[in-house]
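Novice: The sequence shown begins at 7 in the numbering used here and counts up by one.
Ideal placement from N, C-alpha and C gives every residue a C-beta, glycine not left out.
As the structure is a prediction and not an experimental result, all values here were calculated from the model.
Encoded as structure tokens, here's the structure I'll be asking about.
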Amino acid sequence: MGDFTFGFEIFEDDSNIDTSSNVKDHRGPDDITLRPAKEIYIPYETRNEERRVVCVSCGDVNLCYLHPQDVEGMIEEKSDIKEAITTHSDLLPSVYEGGLKVWECSLDLVQYLQDLDPISFSGQTILELGCGAGLPGIYTLMKGATVHFQDYNEEVLELLTIPNVQLNTIPEVYKEKCHFLAGDWSLVQDLLMQEGTGIFSLVLLFLISCMCITCSRYDVILTSETIYSLDSQPRLYNIIRSLLKPNGKVFLAAKTHYFGVGGGTRQFEDFVREKGEFEIESIKVISQGVRREILEMRFIQPENKGAKT
Ligand SMILES: C[S@@+](CC[C@H](N)C(=O)[O-])C[C@H]1O[C@@H](n2cnc3c(N)ncnc32)[C@H](O)[C@@H]1O
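Right, dumping it as structure tokens:
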């Protein structure tokens, strides 16, 4: 067992978990195009390369995921995220946003979700934003939720998130209950909120709703290690406020400070409170190692508007 604690039993070494709070920021040119939004489909045939699997025990379930190093090795030479991998960067802003690693707050979030049991996720519709390996979303999927996974990079969804979902659930579950969306938050938000007028749009809406991708409103939004960049926080905030049900909840796991890039839980709380639309509170602090937190957000209900949050 590795020395990673917080109630997890690590069956293999934990050297694959990224514990840094010092995100290396290799900022790209300002005119970089944000990744467009698109749905990524589960392939008919699974790839059969030799891949190591890491498993963590979480309450009554084992969560398994592909070893991040093996997945990095599968990125094609022509992919622009290859540069980030070969230079050992955690991320290249607006090109690659770090989804191929398992960041430690995602395990904190799984642990927190487990603590929430026996409240069941069964029947809930959940969105995991910036999912990377997707462990929190997969946990809720295993507990009966319908889960939509979003990541900036389609390679992450294809090579890591989808295989991880397949490792942990049976085809009957993931084919019926999962969707995978790649792209920048602002563009994924547009895709999920697309509405039009006229008969063509109605037919389109009917077809889209048959695919069940635009349930458009989620009971729960999960997100881990996604508030490090001050530039992209407004886009994260907007997608949350557009897609969360009025009574929905957000569970956001993050470090208290991301040194060198400016984001962090206190700063994000201030940013959210200033908008006056959400209540936000820190509901768990993990102080072993780098200090991390779980934040919960809910819409301020109309009767409480104006009251201090
Ligand atoms: C540091 S990784 C964290 C991955 C995973 N949640 C974890 O904790 O292991 C940040 C994630 O946020 C997502 N992300 C960052 N900026 C984004 C943006 N502007 N639009 C969409 N996704 C973004 C990326 O998809 C990436 O997977």
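1. What residue ranges within the stretch 45 to 91 form continuous alpha helix (DSSP H) runs of no fewer than 4 residues, ordered along the chain?
2. Secondary structure at residue 287, three-state DSSP: helix, strand or coil?
3. Can you have a look at residue 149 and say buried or exposed, based on whether 16 or more other CB atoms are within 10 angstroms of its CB?
4. Would residue 121 be called buried (16 or more neighbouring beta carbons within 10 Å of its own) or exposed?
5. Could you check where the beta strand (DSSP E) with residue 224 kicks off and where it finishes?
6. I'd like the span of the alpha helix (DSSP H) that includes residue 272, first residue to last.
7. Which one of 310, 276, 271 and 289 has the shortest CA to CA distance from residue 296?
8. Does ligand 1 have even one heavy atom less than 7 Å from the beta-carbon of residue 107?
9. Do you know whose CA, among 46, 260, 311 and 92, lies nearest residue 118's CA?
10. Out of curiosity, what's the CA-to-CA distance linking residue 307 and residue 82?
11. Sort out for me which residues DSSP pairs residue 184 with in a bridge.
12. Compare the Cα-Cα distances from residue 248 to each of 233, 238 and 283 and report the closest residue.
13. Would the C-beta of residue 270 count as close to ligand 1, meaning under 7 Å from any of its heavy atoms?
14. Over the uninterrupted beta strand (DSSP E) stretch that includes residue 250, give me the two end residues.
15. At a cut-off of 7 Å, is residue 43 close to ligand 1 when judged by its beta-carbon and the heavy atoms of the ligand?
16. Along the chain, where does the beta strand (DSSP E) that runs through residue 132 open and close?
17. Measuring only the C-alpha atoms, how far is residue 63 from residue 75?
18. Given residue 193, which residues of its chain have a CB within under 8 Å of its CB, disregarding the five upstream and five downstream residues?
19. Pull up the distance between the alpha-carbon of residue 225 and that of residue 142, whole angstroms please.
20. Below 7 Å, is the gap between the Cβ of residue 157 and the nearest heavy atom of ligand 1?
21. Considering only the alpha carbon of each residue, which of 61, 223, 65 and 78 lies closest to residue 92?
22. My guess is that residue 131 and residue 152 are in contact by the Cβ rule of under 8 Å, so how many angstroms apart are they, rounded?
23. Expressed to the nearest angstrom, what Euclidean distance is found between the alpha-carbon atoms of residue 182 and residue 277?
24. Closer than 7 Å: is that where the CB of residue 66 sits relative to any heavy atom of ligand 1?
25. Need the endpoints of the beta strand (DSSP E) that residue 301 sits in, please.
26. Please name the residue in 245, 172 and 167 whose C-alpha comes closest to that of residue 196.
27. Reducing DSSP to helix, strand and coil, say where residue 234 ends up.
28. Using DSSP with H/G/I as helix, E/B as strand and the rest coil, what is residue 215?
29. Three-state secondary structure (DSSP) at residue 118?
30. Is any heavy atom in ligand 1 found nearer than 7 Å to the beta carbon of residue 297?
31. Is the separation between the beta-carbon of residue 114 and that of residue 104 shorter than 8 Å?
32. Per DSSP, what kind of secondary structure is residue 158 in: helix, strand or coil?
33. Nearest to residue 177 by CA position, among 48, 293, 162 and 311, is which residue?
Specialist: Checking against the coordinates, here is how it stands:
1. As far as the stretch 45 to 91 is concerned, its whole alpha helix (DSSP H) runs of at least 4 residues are 74 to 78.
2. Within the sequence shown, residue 287 is the residue found at index 281, counting from 1. Residue state, collapsed to three classes: strand.
3. Numbered from 1 along the sequence shown, position 143 holds the residue referred to as residue 149. Classification of residue 149: buried, given that the 10 Å Cβ count is 16 or more.
4. Residue mapping note: residue 121 aligns to position 115 of the sequence shown, counting from 1. By the neighbour-count rule (16 or more Cβ atoms within 10 Å), residue 121 is not buried but exposed.
5. Taking the first residue of the sequence shown as position 1, residue 224 is located at position 218. It spans 224 to 230 - the beta strand (DSSP E) in which residue 224 sits, taken as one unbroken run.
6. Here the question's residue 272 lines up with position 266 in the sequence shown. From DSSP, the alpha helix (DSSP H) with residue 272 extends over 271 to 281.
7. Counted from its first residue, the sequence shown places residue 296 at position 290. Comparing Cα-Cα distances from residue 296 to each of 310, 276, 271 and 289, the minimum goes to 271.
8. Within the sequence shown, numbered from 1, the residue matching residue 107 stands at position 101. Yes, the Cβ of residue 107 comes within 7 Å of a heavy atom of ligand 1.
9. Counting from one through the sequence shown, the residue named residue 118 turns up at place 112. Considering only alpha carbons, the answer is 260.
10. For the purposes of this step, residue 307 is taken as residue 301 along the sequence shown, with counting starting at 1. For the purposes of this step, residue 82 is taken as residue 76 along the sequence shown, with counting starting at 1. Going by the C-alpha atoms only, they are around 48 Å apart.
11. The residue you call residue 184 lines up with position 178 of the sequence shown. Answer is 153, bridged to residue 184.
12. Here the question's residue 248 lines up with position 242 in the sequence shown. When the alpha-carbon of residue 248 is set against those of 233, 238 and 283, the nearest one is in 283.
13. In the sequence shown, counting from the first residue as 1, residue 270 sits at position 264. Not under cutoff, so the answer is no.
14. Against the sequence shown, residue 250 aligns to sequence position 244. Looking at the DSSP string, the run of the beta strand (DSSP E) that includes residue 250 is 250 to 261.
15. Within the sequence shown, the letter at position 37 stands for residue 43. It does not: the Cβ of residue 43 is nowhere closer than 7 Å to a heavy atom of ligand 1.
16. As a position in the sequence shown, residue 132 is number 126, starting the count at 1. Here the beta strand (DSSP E) through residue 132 covers 131 to 135.
17. The residue you call residue 63 lines up with position 57 of the sequence shown. The residue you call residue 75 lines up with position 69 of the sequence shown. Spanning the two alpha carbons is a distance of roughly 21 Å.
18. What you label residue 193 is simply residue 187 of the sequence shown in a count that begins at 1. Once the five neighbours on either side are set aside, the close Cβ partners of residue 193 are 40, 41, 42 and 43.
19. For the purposes of this step, residue 225 is taken as the residue at position 219 of the sequence shown. For the purposes of this step, residue 142 is taken as the residue at position 136 of the sequence shown. Taking the straight line joining both Cα atoms gives about 15 Å.
20. To locate residue 157, count along the sequence shown from 1; it is residue 151. Correct: residue 157 has its Cβ closer than 7 Å to ligand 1.
21. Working through the sequence shown from its first residue, we reach residue 92 at position 86. Residue 78 is the option with its Cα nearest to residue 92.
22. Stepping through the sequence shown from its first residue, residue 131 is reached at position 125. Stepping through the sequence shown from its first residue, residue 152 is reached at position 146. Their Cβ separation, rounded to whole angstroms, is 5 Å, which keeps residue 131 and residue 152 in contact under 8 Å.
23. Walking along the sequence shown from the start, residue 182 turns up at place 176. Walking along the sequence shown from the start, residue 277 turns up at place 271. In a straight line, the C-alpha of residue 182 is about 37 Å away from that of residue 277.
24. Here the question's residue 66 lines up with position 60 in the sequence shown. No, since every heavy atom of ligand 1 falls outside the 7 Å radius drawn around the Cβ of residue 66.
25. Looking up residue 301 in the sequence shown gives position 295. Its beta strand (DSSP E) spans residues 298 to 305.
26. For the purposes of this step, residue 196 is identified with residue 190 of the sequence shown, where counting begins at 1. Minimum Cα distance to residue 196 is reached at 245.
27. The count along the sequence shown starts at 1 and reaches residue 234 at position 228. Collapsing the DSSP output to three states places residue 234 in coil.
28. Within the sequence shown, numbered from 1, the residue matching residue 215 stands at position 209. With a pLDDT of 49 at residue 215, under the threshold of 50, the modelled position of this residue cannot be trusted; read the value that follows with caution. If DSSP states are grouped into helix, strand and coil, residue 215 belongs with the helices.
29. To locate residue 118, count along the sequence shown from 1; it is residue 112. Reduced to three states, the DSSP call for residue 118 is helix.
30. Taking the sequence shown and counting its residues from 1, one reaches residue 297 at position 291. False, no ligand heavy atom lies under 7 Å from that Cβ.
31. In the sequence shown, counting from the first residue as 1, residue 114 sits at position 108. In the sequence shown, counting from the first residue as 1, residue 104 sits at position 98. Cβ atoms of residue 114 and residue 104: not closer than 8 Å.
32. Counted from its first residue, the sequence shown places residue 158 at position 152. In this structure, residue 158 counts as coil in the three-state DSSP scheme.
33. Along the sequence shown, read from residue 1 onward, the residue named residue 177 stands at position 171. Taking only the C-alpha atoms, the option nearest residue 177 is 48.
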